[in-house]
Amino acid sequence: MLTTGLRLRGRRDEQRRLIAELHENRLAALGWAIGLVVQRVPTAILDEAKARGFPVFSVPIEIPFRDIISFVNGARLNDDLYVMRRIMAMQDYLMDALHLDDPEGTITNRLAAMLEADALLLGTDGAVLQRAGAADPADVIDALEGSDDTLLEAEARGRQILGVPVNTQHRRAGWLVLIMRHGPLAERLGKPVLRSAAQLLGLVAHARRLEASDERKKREEVLLASLQEVEGERVIPLEHQALALGLDFSEPARAVAWGRRPDQPPLPRAVLDEVAIAIEDSLAAERVPFLVARREDWIAGIIQGGEEATDHLLPQRAREVALAVGLGRSIRTLGDAAQSMADARVALEHASHNGAAIVRFDDLDPASWLLASCDQVVATQKIVEVLDPLREQVPLLETLRVFFAVNMNVAEAALRLNVHRNTVRYRLARIEELLGMRLNAPRTIANLHLALLTERLEGSDVAATGNGQGTQEISLR
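Right under this line is the structure:
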C-alpha cells in the first residue's frame with residue numbers, strides 16, 4: 003500500500019490501526035510518502051510495524067507512486083512468467099512418463115521429487131496404489147473421508163495435504179494426494195502441477211479400462227466357443243487364442259460356475275457385471291490364468307492352477323452378494339471344457355442348496371457324477387417321464403420336493419410346508435398312487451433324486467416341456 007498520510011496526520015490510534023489491518027490482511031508492505039504532507043514516517047506507524055514485523059518504507063517526494071507501481075507490476079509479471087515456465091516444464095516431464103511401462107508409478111514418483119513432497123495415489127476404496135515418500139496413508143484417508151471436492155486442502159502433522167480426484171470419462175478412479183510443507187511452493191506450483199498429474203493419471207486409467215474391456219470380450223468369446231463341445235481341429239485355434247490370454251494348460255485347468263442360492267433373487271445385470279469384474283481382478287492380481295464370461299443369471303469361467311488358485315474365486319464383492327462356486331473336473335484341453343462346465347453346474351447346485359461356499363465336483367456323490375456325465379437330452383426326457391404324473395398336482399409336487407430336501411423326514415417336511423404331519427402322509431400316499439411306486443424303495447429314491455436334482459438345475463424349462471410332448475434339449479452347460 004502507498005499513502006501520503008494526509009488523512010492520518012496526527013491520528014496516532016488510527017495510524018496503529020492501519021498497520022494492524024494491513025498485517026492481518028497479509029499485505030506485503032506500506033510505503034509512506036515524505037516531503038509532501040509529513041517530513042518523516044510517524045512514530046506510531048514505525049512502532050506498530052516493528053511490533054508486528056511488518057515492512058514499512060519511506061518514499062521520497064522525488065519518486066512518483068506510479069514509478070513504484072510500474073516496478074512492482076513488472077517484477078510480478080516476470081515472476082509469474084517464471085512460475086508458468088516451471089509449471090510447463092514439470093508438465094512436460096510428467097507427460098513423458100505416459101510411454102513408460104509403469105506410468106502411474108513414474109508420475110507419482112516424479113511429482114513427489116519435483117515438489118519436494120510425499121505423494122500417494124489411492125483407489126476409490128482407499129487402497130494405496132502408488133506411494134512416494136514416507137507419509138502415513140491413514141492421515142490422508144482420514145482427510146479424504148466423505149470428501150467430494152475437486153480440490154481437497156487439509157493439514158496433518160504440521161504439513162499441508164493437497165488432494166485432487168483422478169477421473170476417467172465416466173467415473174472416479176481414485177485420488178492423487180500431495181503431503182508437503184506450507185509455503186509458496188505449495189500454493190504457486192503444487193496445485194497446478196497436481197491437477198495436471200491427476201488429469202494424466204485419469205487418461206491412463208481410461209486407457210487401461212478400454213484395454214481391459216477389449217480383453218474381457220476376447221476372454222468371453224473364447225470361453226463361450228469352448229463350451230459348444232468343440233473337438234478335433236476346431237479346438238486348435240481356440241487354444242491358440244486362450245494361450246494369448248495366458249491359459250496355456252501347463253497345469254491342469256477346470257471349469258468354474260458362480261451363482262446365487264435358490265432362495266435369493268437373481269442379481270441385476272449391472273451387479274452381475276460388477277461382480278464378474280471383481281472376480282477377474284482378483285484372479286489377475288494373483289496371476290491365475292483364467293477365462294470368464296457372464297451368462298443370464300450366473301458367471302462361467304475356466305481357471306488354471308492348483309488348489310491355491312481356488313482361494314481367489316470369491317473376492318469381497320462376490321461374498322457380499324452371497325455367490326456360491328461350483329468346480330468341475332480338471333481338464334488338459336479346451337475340448338473338454340463343456341463337460342467340465344456341466345460338472346461345475348452340478349457342483350454349484352449342491353453348493354447353493356447345502357449352504358457351502360465352494361463345492362468341487364470331485365467330492366460329489368455317484369448320483370451327481372452320473373447326472374453330469376449322461377446325455378442331457380435323455381436326462382431331460384427321463385425327468386418328464388418320472389415326474390409327469392405330478393405336473394398337474396402342484397401341492398403334491400412341492401411336497402415331494404420338500405420331502406426329499408429334508409432327507410425324507412415327515413415331521414420336518416410338515417414344518418417346512420406349514421401343514422399337519424398327517425397331511426404330508428396323505429400327500430405322500432397319493433404320490434405313490436400316481437407314480438405307481440413305493441417311495442421307500444431304493445430304485446424309487448434313486449430315480450426321484452436324479453429327477454428332482456436335474457429339475458433344479460434346469461429350472462422352469464423342464465416344466466415347460468409339458469406332459470411329455472415337444473421335449474426340448476436343455477443343456478446344463
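In this note's numbering, the protein residues as written are 3 to 479.
Virtual Cβ for every residue (Gly too), placed ideally from N, Cα, C.
### Query
Taking the beta strand (DSSP E) that residue 174 falls in, what are its first and last residues?
Start and end: 174-182.
What does a CB cutoff of less than 8 Å around residue 413 pick up in its chain, not counting 5 residues either side in sequence?
Contacts found: 423.
Exercise for the section: Could you tell me which residues DSSP puts in a beta bridge with residue 122? Expected result: DSSP lists 133 and 179 as partners of residue 122.
For residue 333, which residues of its own chain have a beta-carbon under 6 Å away from its beta-carbon, when the five flanking residues on both sides are left out?
A distance below 6 Å between beta-carbons, with the five flanking residues on each side excluded, links residue 333 to the following residues of its chain, in chain order: 255 and 342.
For this session: Assign residue 170 to one of three DSSP states: helix, strand, or coil.
Result: Looking at residue 170 - three-state DSSP - the assignment turns out to be coil, as it is neither helix nor strand.
Exercise. Within 10 angstroms of the Cβ of residue 394, are there 16 or more other Cβ atoms? Answer buried if so, exposed if not.
Key: It is exposed - the Cβ of residue 394 has fewer than 16 other Cβ atoms within 10 Å.
| task | To the nearest angstrom, report how far apart residue 409 and residue 441 are at their CA atoms. | result | Taking the CA atoms as reference points, residue 409 sits about 12 Å from residue 441.
Check: residue 522 and residue 329 look like a contact to me (Cβ under 8 Å); what is the Cβ gap, rounded to whole Å?
Finding: Outside the shown range of the chain (3 to 479) lies residue 522, about which nothing can therefore be said.
DSSP on residue 320, reduced to helix/strand/coil?
Correct three-state label for residue 320: helix.
Check your understanding: Between the region 197-209 and the region 233-248, are three or more C-beta pairs nearer than 8 Å?
Key -> The region 197-209 vs the region 233-248: no contact.
Chain-order list of residues whose beta-carbon lies under 7 Å from that of residue 469 (same chain, five-residue window excluded): Model confidence at residue 469 stands at a pLDDT of 40, short of 50, so the residue's coordinates are unreliable; what they give is reported in the following sentence. 390 and 393.
Fill in: residue 406 - DSSP class collapsed to helix/strand/coil
Here residue 406 sits in helix by DSSP.
- request: Use the C-beta contact count for residue 455: other C-beta atoms within 10 angstroms, 16 or more gives buried, fewer gives exposed.
  value: So residue 455 ends up on the buried side.
- Taking the beta strand (DSSP E) that residue 303 falls in, what are its first and last residues? Unbroken beta strand (DSSP E) run through residue 303: 301-306.
Measure how close the beta-carbons of residue 177 and residue 165 come, nearest whole angstrom, since I'm counting them as under 8 Å.
Your pair residue 177 and residue 165 checks out as a contact, with CB atoms roughly 5 Å apart and the cut at 8 Å.
Select from 344, 296 and 168 the residue whose C-alpha is nearest the C-alpha of residue 152.
Selection 344, 296 and 168 evaluated against residue 152 yields 168 as nearest (Cα-Cα).
Quiz item: Alpha carbon to alpha carbon, what distance is there between residue 42 and residue 36?
Solution: Approximately 6 Å between the Cα atoms of the pair.
- prompt: Alpha carbon to alpha carbon, how far is residue 139 from residue 227?
  reply: Rounded to the nearest whole angstrom, the C-alpha separation of residue 139 and residue 227 is 45 Å.
Exercise. May I ask whether a heavy atom of the ligand ATP can be found less than 6 Å away from the beta carbon of residue 70?
Key: No copy of the ligand ATP occurs in the structure displayed, which carries no ligand at all.
Exercise. Take the Cβ of residue 30 as the centre, count every other Cβ of all protein chains shown within 10 Å, and call the residue buried at 16 or more, exposed below.
Key: Taking all protein chains shown into account, residue 30 has fewer than 16 neighbouring C-beta atoms within 10 Å of its C-beta and is therefore exposed.
- Task: Helix, strand or coil for residue 185, going by three-state DSSP, please let me know.
- Result: In this structure, residue 185 counts as coil in the three-state DSSP scheme.
**Prompt:** Once you ignore the five residues that flank residue 282 on each side, which residues in its own chain have a CB closer than 6 Å to its CB?
**Reply:** The answer, listed in chain order, is 294.
Please state whether DSSP places residue 312 in a helix, a strand or coil. Here residue 312 sits in helix by DSSP.
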